[in-house]
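Notes follow once the structure below has been shown.
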Amino acid sequence: MSNSCTTPKNRLREFLPTNLAEFDSLLNQVLAPNGLRAGHSPAGLWEDDGSYHIELDVPGVTREGVDITLDKGTLSISAERKHEESESTRKGWREERFYGKVTRAFSLPDTIDPESVTAELSDGVLRVSVAKTPAAQPRKIDVK
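At position 32 of the sequence shown (counting the first as 1) the number is 19 in this note's numbering, and the numbers step up by one without a gap.
Structure (structure tokens):
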């Protein structure tokens, strides 16, 4: 006879959540896309003929909560969304929105003009553009 305490089924139970809240949390950690995880902000990067562009999703962040620096070819972006304290006696059941600080760093090529960095925050999206140096931009050659 086998001891019920050591069956594979009972050993598996040690690793499974014991209530629905734990199970929900486990599923969210495993199945949530990158953009919805706490502390991560999805970005889009591309270039055109004259500039490099970065778009970073930062919902709920104000201009005052954004810090952008360019140092030795690395563009660092920090965005902080502060938790709004409610004056009421509201009791939360679930909080899926992220509060806190997100920091992303992007290595840029040597062909940038460091004085040309511009940034705009609109509708929860931070748009940063950095112009290429004139020597790095494509030039059309006329054929004679």
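Here a beta-carbon is modelled for each residue, glycine too, at the ideal position from N, C-alpha and C. Note that the structure is a prediction, hence the values are computed from the model and not measured.
Checklist entry - Using the C-alpha atoms, what's the distance from residue 51 back to residue 31? => result 22 Å
Next on the checklist: Can you give me the C-alpha to C-alpha distance between residue 68 and residue 130, rounded to a whole angstrom?
Outcome noted: 55 Å
Checklist entry - How far does the beta strand (DSSP E) with residue 93 in it reach, from first residue to last? => result 87 to 94
Checklist entry - Hey, out of 37, 59, 47, whose CA is closest to residue 66's CA? => result 47
Checklist entry - Going by C-alpha distance, which of 27, 36, 29 is nearest residue 119? => result 36
Next on the checklist: For residue 62 and residue 128, I'd like the C-alpha separation in whole angstroms.
Outcome noted: 33 Å
Next on the checklist: Please return the same chain residues whose Cβ sits closer than 8 Å to the Cβ of residue 56, not counting the five positions on each side in sequence.
Outcome noted: By the criterion of a C-beta distance shorter than 8 Å, residue 56 is surrounded in its chain by 62, 63, once the five residues flanking it on both sides are discounted.
Checklist entry - Are the beta-carbon atoms of residue 104 and residue 112 separated by less than 8 Å? => result no
Checklist entry - Can you tell me whether residue 28 is buried or exposed, with buried defined as 16 or more other CB within 10 angstroms of its CB? => result buried
Checklist entry - Quick one, which of 49, 106, 114, 110 has its alpha-carbon nearest residue 86's? => result 49
Checklist entry - For the candidate residues 121, 126, 110, 124, whose alpha-carbon lies nearest to that of residue 45? => result Out of 121, 126, 110, 124, 110 has the C-alpha closest to the C-alpha of residue 45.
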